[in-house]
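Reviewing the structure listed below.
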Amino acid sequence: MRSILGWSMLLLVFVVPVLFLFLRSITFGWRYPDLFPSDWSMRAWHVIAGDPQILQALLTTMLVGITVVALNLLLGIPAAYALSHGRLKGVVWLETILFLPILVPVLAIAMGLHITMIRLGLADHISGVILIHLLPTLPYTIRVLRSGFDRIAPGWRRLGDTLGAPRITLFVTGLLPMMRPSLRSAAVLAFVISLSQYVLTAIIGGGQVTTLPLLYYPFFDSADQAVIAGFSVVFAALPAVFLLLWESLMAGFTYLLRRT
Amino acid sequence: MSSSVKSWLLLLPLLVFMILFVGQGMFRAFQESLDVGGSSGIFANYEALAADGTFHAALGVSVYVAFVSTMLSLLLGLLVTRTLTSWMKSDTWKLGAWFPMLIPHFVGAYLILLFFAPTGWFASAAASAGLGFPVMVQDTAYIGVILTYVWKEIPFVVLMLLPVYQEMDGRMQEVSRSLGAGRWTGFRFTEWPWVRPVLLETGLILFVFVIGAFEVPALLGVTYPSMVPVLAFDWFYQSGWSTRPLAQAMMVLLMLGSILLALLLLTTAYRWRERGRSHA
Numbered sequence: 005m006r007s008i009l010g011w012s013m014l015l016l017v018f019v020v021p022v023l024f025l026f027l028r029s030i031t032f033g034w035r036y037p038d039l040f041p042s043d044w045s046m047r048a049w050h051v052i053a054g055d056p057q058i059l060q061a062l063l064t065t066m067l068v069g070i071t072v073v074a075l076n077l078l079l080g081i082p083a084a085y086a087l088s089h090g091r092l093k094g095v096v097w098l099e100t101i102l103f104l105p106i107l108v109p110v111l112a113i114a115m116g117l118h119i120t121m122i123r124l125g126l127a128d129h130i131s132g133v134i135l136i137h138l139l140p141t142l143p144y145t146i147r148v149l150r151s152g153f154d155r156i157a158p159g160w161r162r163l164g165d166t167l168g169a170p171r172i173t174l175f176v177t178g179l180l181p182m183m184r185p186s187l188r189s190a191a192v193l194a195f196v197i198s199l200s201q202y203v204l205t206a207i208i209g210g211g212q213v214t215t216l217p218l219l220y221y222p223f224f225d226s227a228d229q230a231v232i233a234g235f236s237v238v239f240a241a242l243p244a245v246f247l248l249l250w251e252s253l254m255a256g257f258t259y260l261l262r263r264t
Numbered sequence: 063m064s065s066s067v068k069s070w071l072l073l074l075p076l077l078v079f080m081i082l083f084v085g086q087g088m089f090r091a092f093q094e095s096l097d098v099g100g101s102s103g104i105f106a107n108y109e110a111l112a113a114d115g116t117f118h119a120a121l122g123v124s125v126y127v128a129f130v131s132t133m134l135s136l137l138l139g140l141l142v143t144r145t146l147t148s149w150m151k152s153d154t155w156k157l158g159a160w161f162p163m164l165i166p167h168f169v170g171a172y173l174i175l176l177f178f179a180p181t182g183w184f185a186s187a188a189a190s191a192g193l194g195f196p197v198m199v200q201d202t203a204y205i206g207v208i209l210t211y212v213w214k215e216i217p218f219v220v221l222m223l224l225p226v227y228q229e230m231d232g233r234m235q236e237v238s239r240s241l242g243a244g245r246w247t248g249f250r251f252t253e254w255p256w257v258r259p260v261l262l263e264t265g266l267i268l269f270v271f272v273i274g275a276f277e278v279p280a281l282l283g284v285t286y287p288s289m290v291p292v293l294a295f296d297w298f299y300q301s302g303w304s305t306r307p308l309a310q311a312m313m314v315l316l317m318l319g320s321i322l323l324a325l326l327l328l329t330t331a332y333r334w335r336e337r338g339r340s341h342a
């Protein structure tokens, strides 16, 4: 009974508002003070689907997000493993440095980097945007992966040594599959954080790199509520699309492992 | 190769990136905030800020919004975690709590607008009940901004606290109940010592995030007083970059404040954890 109450509270506060967005996007002329919509229309979705700028921005956003996730894992997996199993001295200080981007405002760092990025030719370019998105994402990746590695007992390593398997084989075939839930959380989190960036993209991208948020902001003040609602639904749906891509990638990876 | 050398090698790419990028960014921001070769001294921009009413207002409202959002998120997050871990048998409910984590902050801001705007759904509901509705978005009290952050950050607090509650030894609570402790005393002695350091760290992350974030106040805030990041972004591009050093100085101050706060809170959390360990 109590668990039903708990679930309905959670759904009401956290999930229903997002469904409300979808409802808003398929209504017509639902204005104050109407409590309920009177007419339905797919007009907003036609506007969104018919806008070539939005389609282009969607591709850019996915490209940025996926590259950011890949770089996060590439830098994060070895580092988190070392932090968790390396028996390093001064880990507290090391972690403080790695967590700096969430201990100081990223905007300050990005503003400071602007001129440097221009000099390096990274400003106004997608590569600069990808690099700057690493700042707010890496600390979370490290944190999630580290606690994932912490949960794996060090005994598996000794077992592998006894069996005489090379370390790297062991890592790929033994450890990474065990890390699957943590890797998934880290990847989704990094993707969502990248998807949520407006100001970093605006500064480093210089208006030349148009991701979806850069189109969303000008839309926000427009009177066309149904279109903004639909646009918001796109943002809510993208992490699900990413999760689908991720799971198929993992399934493919597992299949390859089984065959070899 | 010894195990610790290998560990350092594994950490190296990330460390190099952080030092090059974060270090460079922080250093350049500071450098550009200085007035080198000017007639009014190297810290002229900081002196200008100290006398600037717009900056004072921005700083005031930023601290207020960050503090209130953080406190409400921590309090409600703790409440939700405690209630739901005791109500639910399995922990699948955390999937429901995960949900807002997947929604970008600016979409959260739009949701708040949809429900709380003067022409929003709650206003419609109030009107059909014959009641008025207060202005809660794009208001000088920043209620809409605070509501957005609280909605978005409660799940974050829950996910940070959940491991603590999952690892907590339920027998402690039983002992305290059988010794006749009330609910408050029970909480104070069987939960608080473990929850406290996590709350402090989570609160630090939230406070620094809210005080330095542009996305939500840019949509739901007002022009005066604006929050520091919105003002800084404005000055960063205003009148052909001439106010850019002021914008940098403002963000450097925010950065220094954050570092001081982090040092203070992280060492406190560390000390609490050590004390907890020696008691156990």
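First to last, the protein sequences are chains B and R.
Position 176 of the first sequence, counted from 1, bears residue number 180 in our numbering, the numbering being contiguous throughout.
Position 115 of the second sequence, counted from 1, bears residue number 177 in our numbering, the numbering being contiguous throughout.
Glycine is no exception: its CB is placed at the ideal position from the N, C-alpha and C atoms.
Top-ranked residue by Cα proximity to residue i, from the options
i, options, result
"Thr313(R)", "Leu73(R), Gly87(R), Phe79(R)", "According to the sequence displayed, residue 313(R) carries Met and not Thr. Ranking the options by Cα distance to Met313(R), first place goes to Gly87(R)."
"Phe269(R)", "Val108(B), Arg155(B), Phe26(B)", "Val108(B)"
"Arg139(B)", "Leu111(B), Gly125(B), Ala233(B), Ile119(B)", "Per the sequence presented here, residue 139(B) reads as Leu, with Arg not at that position. Residue Leu111(B) is the option with its Cα nearest to Leu139(B)."
"Ala74(B)", "Ala191(B), Ala227(B), Gly234(B), Leu249(B)", "Ala191(B)"
"Tyr36(B)", "Thr258(B), Phe235(B), Tyr259(B), Gln229(B)", "Gln229(B)"
"Ala331(R)", "Leu262(R), Val292(R), Arg339(R)", "Leu262(R)"
"Ser66(R)", "Thr214(B), Thr71(B), Met183(B), Lys93(B)", "Lys93(B)"
"Leu9(B)", "Phe129(R), Phe177(R), Ser148(R)", "Ser148(R)"
"Phe40(B)", "Arg47(B), Ala48(B), Arg28(B), Phe153(B)", "Arg28(B)"
"Ala38(R)", "Gly319(R), Pro307(R), Leu328(R)", "Outside the displayed span of chain R (63 to 342) sits residue 38(R), for which this structure offers no information."
"Arg339(R)", "Ile174(R), Leu328(R), Pro255(R), Leu193(R)", "Pro255(R)"
"Ser118(R)", "Pro279(R), Gln300(R), Leu316(R)", "A quick correction: the sequence has His, not Ser, at residue 118(R). The shortest Cα separation from His118(R) among Pro279(R), Gln300(R), Leu316(R) belongs to Leu316(R)."
"Pro279(R)", "Tyr126(R), Lys68(R), Asp114(R)", "Tyr126(R)"
"Gly122(R)", "Tyr286(R), Ala311(R), Trp303(R), Ala243(R)", "Tyr286(R)"
"Ser88(B)", "Leu193(B), Leu242(B), Met183(B)", "Met183(B)"
"Leu104(B)", "Gly85(R), Val257(R), Met234(R), Pro291(R)", "Gly85(R)"
"Thr264(R)", "Leu73(R), Glu109(R), Gly139(R)", "Gly139(R)"
"Leu76(R)", "Trp49(B), Leu59(B), Ile101(B)", "Ile101(B)"
"Trp70(R)", "Val22(B), Val95(B), Leu15(B), Asp225(B)", "Val95(B)"
"Pro225(R)", "Tyr221(B), Ser151(B), Thr173(B)", "Ser151(B)"
"Leu146(R)", "Gly256(B), Leu187(B), Met5(B)", "Met5(B)"
For residue i, the three-state DSSP class (helix, strand or coil)
i, result
"Phe32(B)", "strand"
"Trp11(B)", "helix"
"Asp38(B)", "coil"
"Trp70(R)", "helix"
"Asp43(B)", "strand"
"Arg333(R)", "helix"
"Asp55(B)", "coil"
"Ser152(R)", "coil"
"Met133(R)", "helix"
"Val170(B)", "Looking at the sequence itself, residue 170(B) is Pro, so the reference to Val does not match. Here Pro170(B) sits in coil by DSSP."
"Ser198(B)", "helix"
"Gln200(R)", "coil"
"Arg144(R)", "helix"
"Met182(B)", "helix"
"Phe276(R)", "coil"
"Ile70(B)", "helix"
"Pro265(B)", "As displayed, chain B neither begins before 5 nor continues past 264, which places residue 265(B) out of reach and without an answer."
"Leu241(R)", "coil"
"Gly158(R)", "helix"
"Pro166(R)", "coil"
"Lys93(B)", "coil"
"Met5(B)", "coil"
"Thr264(B)", "coil"
* To do: Pull out every residue of the region 111-124 of chain B whose Cβ sits closer than 9 Å to any Cβ of chain R, in chain order.
  => Leu111, Ala112, Ile113, Ala114, Met115, Gly116, Leu117, His118, Ile119, Thr120
* To do: Would you list, in chain order, the members of the region 8-23 of chain B that have their beta-carbon closer than 9 Å to a beta-carbon of chain R?
  => Leu9, Gly10, Trp11, Met13, Leu14, Leu15, Val17, Phe18, Val19, Pro21, Val22
* Just list the alpha helix (DSSP H) runs in the region 72-115 of chain R, keeping only unbroken ones of 4 residues or longer that don't cross its boundaries, in chain order. => 86-95, 106-112
* Is there contact here, the region 89-97 of chain R with the region 115-122 of chain B, by at least three beta-carbon pairs under 8 Å? -> yes
* To do: Identify each residue in the region 198-231 of chain R for which the Cβ-Cβ distance to at least one residue of chain B is less than 9 Å, and report them in chain order.
  => Trp213, Ile216, Pro217, Pro225
* **Members of the region 229-252 of chain R that neighbour chain B once the beta carbon cut-off is set at 8 Å** => none
* Asked: Is the region 244-255 of chain R touching the region 160-172 of chain R in the sense that three or more CB pairs, one from each, lie closer than 8 Å?
  -> no
* Asked: Touching or not, the region 142-154 of chain B and the region 231-240 of chain B, by the rule of three or more beta carbon pairs under 8 Å?
  -> no
* To do: Just list the alpha helix (DSSP H) runs in the region 171-198 of chain R, keeping only unbroken ones of 4 residues or longer that don't cross its boundaries, in chain order.
  => 183-190
* contact_flag[the region 282-298 of chain R, the region 218-230 of chain R] where n(CB pairs < 8 Å) is 3 or more -> no
* Starting from the N-terminal side, write out each stretch of the beta strand (DSSP E) that is 3 residues or longer and does not extend beyond the region 96-151 of chain B. => none
* To do: Would you check if there are 3 or more beta carbon pairs closer than 8 Å linking the region 61-80 of chain B to the region 186-204 of chain B?
  => yes
* Contact the region 162-178 of chain B vs the region 128-140 of chain R: 3+ CB pairs below 8 Å -> no
* To do: Evaluate the contact criterion for the region 193-203 of chain R versus the region 108-118 of chain R: three or more CB pairs, one atom per stretch, below 8 Å.
  => no
* Could you give the uninterrupted runs of the alpha helix (DSSP H) lying entirely in the region 280-339 of chain R, keeping only those of 4 residues or more? -> 290-299
* To do: Please determine if the region 211-219 of chain B and the region 127-134 of chain B are in contact, where contact requires at least 3 C-beta pairs separated by less than 8 Å.
  => yes
* To do: Name, going along the chain, the residues of the region 218-233 of chain B whose beta-carbon falls closer than 9 Å to a beta-carbon of chain R.
  => Tyr220, Tyr221, Phe224, Asp225, Gln229, Ile232, Ala233
* Between the region 132-162 of chain R and chain B, which residues of the former have CB atoms less than 8 Å from a CB of the latter, in chain order? -> Thr145, Leu146, Trp149, Met150, Lys151, Trp155, Gly158, Ala159, Phe161, Pro162
* Asked: Mind pulling the alpha helix (DSSP H) runs of 4 or more residues that sit fully within the region 206-232 of chain B?
  -> 216-224
* To do: Quick one: which residues of the region 49-76 of chain B get their C-beta closer than 8 Å to a C-beta of chain R? List them in chain order.
  => none
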